[in-house]
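Asker: Would you mind keeping the following structure in view while I ask a few things?
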Amino acid sequence: MTRFTIIVPFHTDADTIADTLTSIRAQSFTEWEAICVGDRPSKACLSIVLNHIAQDHRIRIASSPLDGPSAARNYGAELAKGDMLAFCDADDLWHKDKLAQLNEAFQSSSTDAVFGQIRFFADQLGDSQTCSRVPNAPLTIPDLLAENPVCTMSNLSIRREVFNAVGGLDARTVHNEDLDLLIRLAGEGFTIKGVDQFQVWYRTSARGLSSDLAAMRAGRAYAVKTAASYGVFPSRSSEAVYLRYLARRALRLGHQGQALSYTRKGLSLHARSFLLPLRRGLPTAAGAALAPILPQAIKSALFS
Numbered sequence: 522m523t524r525f526t527i528i529v530p531f532h533t534d535a536d537t538i539a540d541t542l543t544s545i546r547a548q549s550f551t552e553w554e555a556i557c558v559g560d561r562p563s564k565a566c567l568s569i570v571l572n573h574i575a576q577d578h579r580i581r582i583a584s585s586p587l588d589g590p591s592a593a594r595n596y597g598a599e600l601a602k603g604d605m606l607a608f609c610d611a612d613d614l615w616h617k618d619k620l621a622q623l624n625e626a627f628q629s630s631s632t633d634a635v636f637g638q639i640r641f642f643a644d645q646l647g648d649s650q651t652c653s654r655v656p657n658a659p660l661t662i663p664d665l666l667a668e669n670p671v672c673t674m675s676n677l678s679i680r681r682e683v684f685n686a687v688g689g690l691d692a693r694t695v696h697n698e699d700l701d702l703l704i705r706l707a708g709e710g711f712t713i714k715g716v717d718q719f720q721v722w723y724r725t726s727a728r729g730l731s732s733d734l735a736a737m738r739a740g741r742a743y744a745v746k747t748a749a750s751y752g753v754f755p756s757r758s759s760e761a762v763y764l765r766y767l768a769r770r771a772l773r774l775g776h777q778g779q780a781l782s783y784t785r786k787g788l789s790l791h792a793r794s795f796l797l798p799l800r801r802g803l804p805t806a807a808g809a810a811l812a813p814i815l816p817q818a819i820k821s822a823l824f825s
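Now the structure itself:
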């Protein structure tokens, strides 16, 4: 049986999806299939996908019956043959050993979902030195209400039976859909473990979904309601950490006023949590204060 089913939703990603599929095809672990699920795709993007299908029999295509990336991922999961589902957005890239690392992590029957370390880039690999932190312990709902270490669906893999058990992704969500899913996984007692190895290049873009900070806050509010259904509510500390995350995003995007507003709110809620660790908190606070005189290139590099 196929070990992994990789689900790639695509829409108008003609500029990036070729590199994404190339990184998938370069995986050192070869027992996989990939399902590219079209969500009203452009002709140019569809042509690129079909070209890769012609070159690699492990890739197939499907058309989502509903709109939106969450619905497309759910449809891909319905069609999946693999024991494990691995998601990849059409503008991100995988390290060649990602699936090999995941395969090792899933050897433990107690592991239900896995994520790894991600590194950020804008235009070319290595143009940002920022990378994610991977906690040692399995994720809890309070962890997720602070700063979600999974960060993106491209960094999440899950047993197919577990994905189905929690009802998959909420198709009504576009922003923070991964957070809502992770909260339900943790709330239902499933184990989400981190692998402290580099697995994903995450593309930052001023045009991407994650650039809409107001929508991101609305998506998180939806996820907070999900957490409340399990009796867990965000603390002042976790809210401060989340506001620091938004401040960093705002600085990267050049939204100086928003960055300063998020920083002020975060510091007033719980200054210690906003500032620690100092390598993240201090540059964020200083960056928000100095944003008007900092070159945009520096803000983009420092606050990915």
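Going by the working numbering, the first residue of the sequence shown is number 522, and it counts up by one from there.
Virtual Cβ for every residue (Gly too), placed ideally from N, Cα, C.
Keep in mind it's a predicted model, so treat the numbers as computed, not measured.
Given that a residue counts as buried once 16 or more other Cβ atoms are within 10 Å of its Cβ, and exposed if not, what is residue 589?
Answerer: The residue in question, residue 589, is buried, as its Cβ has 16 or more Cβ neighbours within 10 Å.
Asker: In this structure, does DSSP put residue 602 in helix, strand or coil?
Answerer: Correct three-state label for residue 602: coil.
Asker: Once DSSP output is grouped into helix, strand and coil, what is the label at residue 714?
Answerer: In this structure, residue 714 counts as strand in the three-state DSSP scheme.
Asker: Which runs of the alpha helix (DSSP H) spanning at least 4 residues fall entirely within the region 533-559, listed in chain order?
Answerer: Listed in chain order, they are 538-546.
Asker: Out of 538, 754, 735 and 631, point me to the one whose CA is closest to residue 559's CA.
Answerer: When only C-alpha atoms are compared, the closest one is 538.
Asker: Helix, strand or coil for residue 690? Go by DSSP, reduced to three states.
Answerer: Reduced to three states, the DSSP call for residue 690 is coil.
Asker: Flag this pair as yes or no: are the beta carbons of residue 762 and residue 714 separated by less than 8 angstroms?
Answerer: Their beta carbons are not under 8 angstroms apart, which means residue 762 does not touch residue 714 by this criterion.
Asker: With 16 other CB atoms within 10 Å as the buried threshold, where does residue 584 fall?
Answerer: Flag for residue 584 reads exposed.
Asker: Taking the straight line between their C-alpha atoms, what separation do you get for residue 753 and residue 576?
Answerer: One C-alpha to the other measures close to 48 angstroms.
Asker: Let me know the secondary structure DSSP gives residue 596 once reduced to three states.
Answerer: The answer is helix: DSSP assigns residue 596 an H, G or I state.
Asker: Give me, in chain order, the residues of the same chain whose beta-carbon lies closer than 7 angstroms to that of residue 626; leave out the 5 immediate sequence neighbours on both sides.
Answerer: The residues are 632, 635, 714 and 716.
Asker: From what residue to what residue does the beta strand (DSSP E) around residue 680 run?
Answerer: Start and end: 678-680.
Asker: Which class does residue 530 belong to by DSSP, given the choice of helix, strand or coil?
Answerer: Three-state result, residue 530: strand.
Asker: Quick one: Cα of residue 835 to Cα of residue 543, how far?
Answerer: Here the chain has residues from 522 to 825 only, and residue 835 is not among them.
Asker: Using only alpha-carbon positions, find the residue among 711, 578, 580 and 665 that is nearest to residue 680.
Answerer: Checked all of 711, 578, 580 and 665; the closest Cα to residue 680 is 711.
Asker: So is residue 538 in contact with chain D if we call contact Cβ pairs under 8 angstroms?
Answerer: Protein chains in the displayed structure number just one, and chain D is not present.
Asker: State the DSSP-derived secondary structure class of residue 740, mapped to helix, strand or coil.
Answerer: The answer is helix: DSSP assigns residue 740 an H, G or I state.
Asker: Leaving out five residues on either side along the sequence, give the residues of the same chain with a beta carbon under 7 angstroms from the beta carbon of residue 749.
Answerer: Excluding positions up to five away in sequence, the list is empty.
Asker: Between which two residues does the beta strand (DSSP E) containing residue 787 stretch?
Answerer: Premise fails: residue 787 lies in the alpha helix (DSSP H), 777-796, not in any beta strand (DSSP E).
Asker: Can you give me the C-alpha to C-alpha distance between residue 730 and residue 807, rounded to a whole angstrom?
Answerer: Model confidence at residue 730 stands at a pLDDT of 49, short of 50, so the residue's coordinates are unreliable; what they give is reported in the following sentence. Rounded to the nearest angstrom, the two C-alpha atoms are 26 angstroms apart.
Asker: Hey, out of 811, 611 and 528, whose CA is closest to residue 569's CA?
Answerer: Comparing Cα-Cα distances from residue 569 to each of 811, 611 and 528, the minimum goes to 611.
Asker: Taking its Cβ as the centre, do 16 or more other Cβ atoms sit within 10 Å of residue 840, making it buried, or is it exposed?
Answerer: This structure leaves residue 840 out entirely; the chain is present only between 522 and 825.
Asker: Below 8 angstroms on the Cβ atoms is my guess for residue 684 versus residue 598; work out the distance and round it to an integer in Å.
Answerer: With a Cβ gap of about 6 angstroms, residue 684 and residue 598 count as contacting.
Asker: Measuring alpha carbon to alpha carbon, tell me which of 551, 594 and 699 ends up nearest residue 507.
Answerer: Residue numbering for the chain in the displayed model covers 522 to 825; residue 507 lies beyond these limits and cannot be assessed.
Asker: Suppose you measure from the CA of residue 547 to the CA of residue 660; what does that come to, to the nearest Å?
Answerer: Whole-angstrom Cα-Cα distance: 30 angstroms.
Asker: Roughly how many angstroms separate the alpha carbons of residue 794 and residue 666, rounded to a whole number?
Answerer: Each residue's Cα considered, the two are about 13 angstroms apart.
Asker: Kindly identify the DSSP beta-bridge partner or partners of residue 723.
Answerer: Per DSSP, 641.
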